[in-house]
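K.L.:
Can you keep this structure in mind? I'll have questions shortly.
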Amino acid sequence: MRLGAYDFIEKPIDSAGLLKTVAKALEKQRLSSENRQLRQQLEQRRGVDALIGDSPAMQAVKTLIRQIAPTNVTVLIQGESGTGKEIVADAIQSLSDRANKPWLKISCAAIPETLLESELFGHERGAFTGAVGAKPGKFELADGGTLLLDEIAEMSPPLQAKLLRVLQDGAFQRLGGTQNLKTDVRLLTATHEDIVARIAGNLFRHDLYYRINTVQVSLPALRERRQDIP
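Those letters in the sequence shown? Residues -7 to 222, per the numbering used here, in order.
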């Protein structure tokens, strides 16, 4: 049993008991095999196969993902809500050389500006009311890995300036801190907004846009690829 036997049989052998034990062993083996197969299928679905559709537009998206995933370029993923922006980000990360490194996500629209700065860059003790201890931010925690900033267009201009510095220098300071911290993070961003229009309205920095838009993945809405509906 210590070496891995499923069960043992005592003499004299009871035929009914033997058959019952064998049936249980076979069921356990079946469940174990099924579990492995499902895990393999889930791993496969993490890549471009998680994007449903074989239309020319989706094939082009999948091809682009395979091309850019092994690189370290920043990627801007654009598309309407529900088109699969986060799935694209997951596919890029899973096919990259950083697949086994930290993979963090944060929505810039779901967190107030003051808290978002702390979430991204961390804070030192006493940096603000309630900061009873130091806390690392996403850029520290994702060091060596990948970070997705969802709804990047919602980020405030002051935070955009700090993000730009990270992309330029690979360094940042915690909120309330003075020490420069280095980080090696591949940045993916996503938005359903028209960033060019926000730039025209002085709501988004032009220089940051070019930093995050090294490669752009544009996701078509389902109405634009009706052959994928089935």
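Even glycine gets a Cβ: it sits at the ideal position worked out from N, Cα and C.
Tell me which same chain residues have a C-beta within less than 7 Å of the C-beta of H184, skipping the five on either side of it?
P.N.:
As a working note, residue 184 is residue 192 in the sequence shown. Closer than 7 Å at Cβ, skipping near neighbours: G71, E72, S73.
K.L.:
Starting from I204 and walking both ways along the alpha helix (DSSP H), at which residues does that stretch end?
P.N.:
Taking the sequence shown and counting its residues from 1, the one referred to as residue 204 is at position 212. First-last of the alpha helix (DSSP H) with I204: 198 to 204.
K.L.:
What is the DSSP secondary structure of D41, counted as helix, strand or coil?
P.N.:
Here residue 41 refers to the residue found at position 49 of the sequence shown. Three-state DSSP puts D41 in a helix.
K.L.:
Can you find the residues in the same chain that come closer than 8 Å, C-beta to C-beta, to T175, ignoring five residues on each side of it along the sequence?
P.N.:
Looking up residue 175 in the sequence shown gives position 183. Within the same chain, T175 has close Cβ partners F131, E132, A134, D135, V158, G162, A163, F164.
K.L.:
Touching or not, the segment 51 to 66 and the segment 109 to 117, by the rule of three or more beta carbon pairs under 8 Å?
P.N.:
With the cut-off at 8 Å, the segment 51 to 66 and the segment 109 to 117 do not touch.
K.L.:
Once the 5 residues before and after D142 are set aside, which same chain residues still bring their CB inside 6 Å of it?
P.N.:
In the sequence shown, counting from the first residue as 1, residue 142 sits at position 150. These residues qualify, in order along the chain: S99, A182.
K.L.:
Would you kindly report the start and end of the unbroken beta strand (DSSP E) that includes V67?
P.N.:
For this step, residue 67 is matched to residue 75 along the sequence shown. 67 to 70 is the extent of the beta strand (DSSP E) around V67.
K.L.:
What are the boundary residues of the beta strand (DSSP E) that D6 is part of?
P.N.:
The residue you call residue 6 lines up with position 14 of the sequence shown. That residue, D6, is in no beta strand (DSSP E); it is neither H nor E in DSSP.
K.L.:
Taking only the alpha-carbon atoms, compute the straight-line gap between T170 and T121 and give it to the nearest angstrom.
P.N.:
Walking along the sequence shown from the start, residue 170 turns up at place 178. Walking along the sequence shown from the start, residue 121 turns up at place 129. So the alpha carbons of these two residues sit roughly 18 Å apart.
K.L.:
Could you check whether T206 and T75 sit closer than 7 Å to each other, using their CB atoms as the reference points?
P.N.:
Position 83 of the sequence shown, counted from the first residue, corresponds to residue 75. Position 214 of the sequence shown, counted from the first residue, corresponds to residue 206. Going by C-beta atoms, T75 is not nearer than 7 Å to T206.
K.L.:
May I have the straight-line CA-CA distance separating R218 from G168, to the nearest angstrom?
P.N.:
Residue mapping note: residue 218 aligns to position 226 of the sequence shown, counting from 1. Residue mapping note: residue 168 aligns to position 176 of the sequence shown, counting from 1. So the two alpha carbons sit approximately 52 Å from each other.
K.L.:
By a C-beta neighbour count over all protein chains shown, 10 Å radius and 16 as the cutoff for buried, is K3 buried or exposed?
P.N.:
What you label residue 3 is simply residue 11 of the sequence shown in a count that begins at 1. With fewer than 16 Cβ atoms within 10 Å of its Cβ, K3 is classed as exposed.
K.L.:
So R58 and L87 are supposed to be a Cβ contact under 8 Å. How far apart are they, rounded?
P.N.:
By 1-based counting over the sequence shown, the position of residue 58 is 66. By 1-based counting over the sequence shown, the position of residue 87 is 95. Indeed they touch by this definition, with Cβ atoms about 7 Å apart.
K.L.:
What separation, rounded to the nearest whole angstrom, lies between the Cα atoms of G137 and A(-3)?
P.N.:
Locating residue 137 in the sequence shown gives position 145, counting from the first residue. Locating residue -3 in the sequence shown gives position 5, counting from the first residue. The straight-line gap from Cα to Cα measures roughly 41 Å.
K.L.:
Report, in whole angstroms, the separation of the C-beta atoms of A153 and R190, which I expect to be a contact under 8 Å.
P.N.:
Here residue 153 refers to the residue found at position 161 when the sequence shown is read from its first residue. Here residue 190 refers to the residue found at position 198 when the sequence shown is read from its first residue. About 15 Å separates the two Cβ atoms, so there is no contact after all.
K.L.:
Following the continuous alpha helix (DSSP H) through S86, name the residue where it begins and the one where it ends.
P.N.:
Residue 86 sits at position 94 when you count from the first residue of the sequence shown. Looking at the DSSP string, the run of the alpha helix (DSSP H) that includes S86 is 77 to 86.
K.L.:
Near K77, what residues of its chain come up, given a Cβ to Cβ distance below 6 Å and the 5 sequence neighbours on each side ignored?
P.N.:
Sequence index remark: in the sequence shown, residue 77 carries index 85 (1-based). Cβ within range, chain order: I69, G71, A182.
K.L.:
Taking just the CA atoms, how far does K16 sit from E109?
P.N.:
Numbered from 1 along the sequence shown, position 117 holds the residue referred to as residue 109. Numbered from 1 along the sequence shown, position 24 holds the residue referred to as residue 16. Approximately 55 Å between the Cα atoms of the pair.
K.L.:
In the DSSP assignment, what are the bridge partners of L151?
P.N.:
Counted from its first residue, the sequence shown places residue 151 at position 159. DSSP output for L151 lists no bridge partner at all.
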